[in-house]
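Mapping of the sequence shown onto my numbering: residues 8 to 172, in sequence order.
Glycine included, every Cβ here is placed at the ideal spot set by N, Cα and C.
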Amino acid sequence: MLSKTIQDALNKQVLVEAQSSQAYLAMASWADIQPGLKGVTQFFFKHSDEERMHMLKLIQYINERGGFAIIPALVQPTLTFVSLKKAFEELFRHEVNVSNSINELVDIALNEKDYATHNFLQWYVNEQIEEEKLARECNDKLELIGDDKSGLYLFDRDIMLMGNE
Ligand code: OFO
Numbered sequence: 008m009l010s011k012t013i014q015d016a017l018n019k020q021v022l023v024e025a026q027s028s029q030a031y032l033a034m035a036s037w038a039d040i041q042p043g044l045k046g047v048t049q050f051f052f053k054h055s056d057e058e059r060m061h062m063l064k065l066i067q068y069i070n071e072r073g074g075f076a077i078i079p080a081l082v083q084p085t086l087t088f089v090s091l092k093k094a095f096e097e098l099f100r101h102e103v104n105v106s107n108s109i110n111e112l113v114d115i116a117l118n119e120k121d122y123a124t125h126n127f128l129q130w131y132v133n134e135q136i137e138e139e140k141l142a143r144e145c146n147d148k149l150e151l152i153g154d155d156k157s158g159l160y161l162f163d164r165d166i167m168l169m170g171n172e
């Protein structure tokens with residue numbers, strides 16, 4: 008059975024994951040109407056789906072452990088970006104915030120001596136390492152590319168291939 012403290016903290020994370028999914032969905036829609044960003048568009052749509060999966064995993068865990076998962080209201084995310092670089096910078100910042108939020112949750116689980124939740128959260132800890140790494144790599148590449156259109160073309164193609172691996 009989850010303590011009230013853990014239940015509330017997990018429900019806060021449901022909101023964080025839902026908000027992430029929504030933020031990346033907005034990036035996908037923006038990228039979709041930019042010329043030549045088919046790969047990036049697919050990447051953002053897929054990323055949004057993954058965040059929804061992270062949210063669902065939490066919802067199922069909360070309910071399975073005798074709690075009640077609360078489906079939250081969402082804030083409208085950023086809809087437009089001055090450049091692809093800016094969108095990826097926001098994605099990276101977002102992932103760092105999510106990692107901080109997961110770390111706080113791990114701390115709470117330890118304080119509450121809820122080792123099952125601590126164990127459950129390790130999946131998220133590992134996931135955040137991967138997501139931060141990916142976001143950092145994309146930012147580094149876009150920094151190198153600058154305004155070079157052929158570089159951007161290759162970036163879009165590579166990210167599409169990555170999504171189909
Ligand atoms: Fe849920 O992993 Fe990114 O935010």
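Are there three or more Cβ pairs, one per stretch, closer than 8 Å when the stretch 124-134 is compared with the stretch 108-115?
-> These segments touch.
Residues in its own chain within less than 7 Å of L86 by CB, not counting five upstream and five downstream?
-> Contacts found: A33 and W37.
For K156, which three-state DSSP category applies?
-> For K156, the secondary structure class from DSSP, reduced to helix, strand or coil, is helix.
Check whether the Cβ atoms of E119 and T48 sit closer than 8 Å, and answer yes or no.
-> No, they are not a contact pair.
Near A35, what residues of its chain come up, given a Cβ to Cβ distance below 7 Å and the 5 sequence neighbours on each side ignored?
-> Cβ within range, chain order: T48, F51, F52 and S55.
Close Cβ partners of L117 (< 8 Å) along its chain, the five nearest in sequence each way excluded = Result list for L117: H125, in chain order.
Helix, strand or coil for V3, going by three-state DSSP, please let me know.
-> The question about residue 3 has no answer, for the chain in this structure spans 8 to 172.
Go ahead and label V23 buried or exposed: buried means 16 or more other beta carbons lie within 10 angstroms of its beta carbon, across all protein chains shown.
-> Counting other Cβ atoms within 10 Å of its Cβ, V23 reaches 16 or more and is therefore classed as buried.
Length at least 4, wholly inside the stretch 41-76: the alpha helix (DSSP H) runs in chain order | Given a length threshold of 4 residues, each whole run of the alpha helix (DSSP H) inside the stretch 41-76 is given here in chain order: 45-71.
Nearest to H101 by alpha carbon, out of D15, A25 and M8?
-> Nearest C-alpha to H101: A25.
Compute the Euclidean distance between the alpha carbons of K140 and L149, then round it to the nearest angstrom.
-> So the two alpha carbons sit approximately 14 Å from each other.
Outcome for S3 when other beta-carbon atoms lying within 10 angstroms are tallied against a minimum of 16 = The question about residue 3 has no answer here: the residues shown for the chain are numbered 8 through 172.
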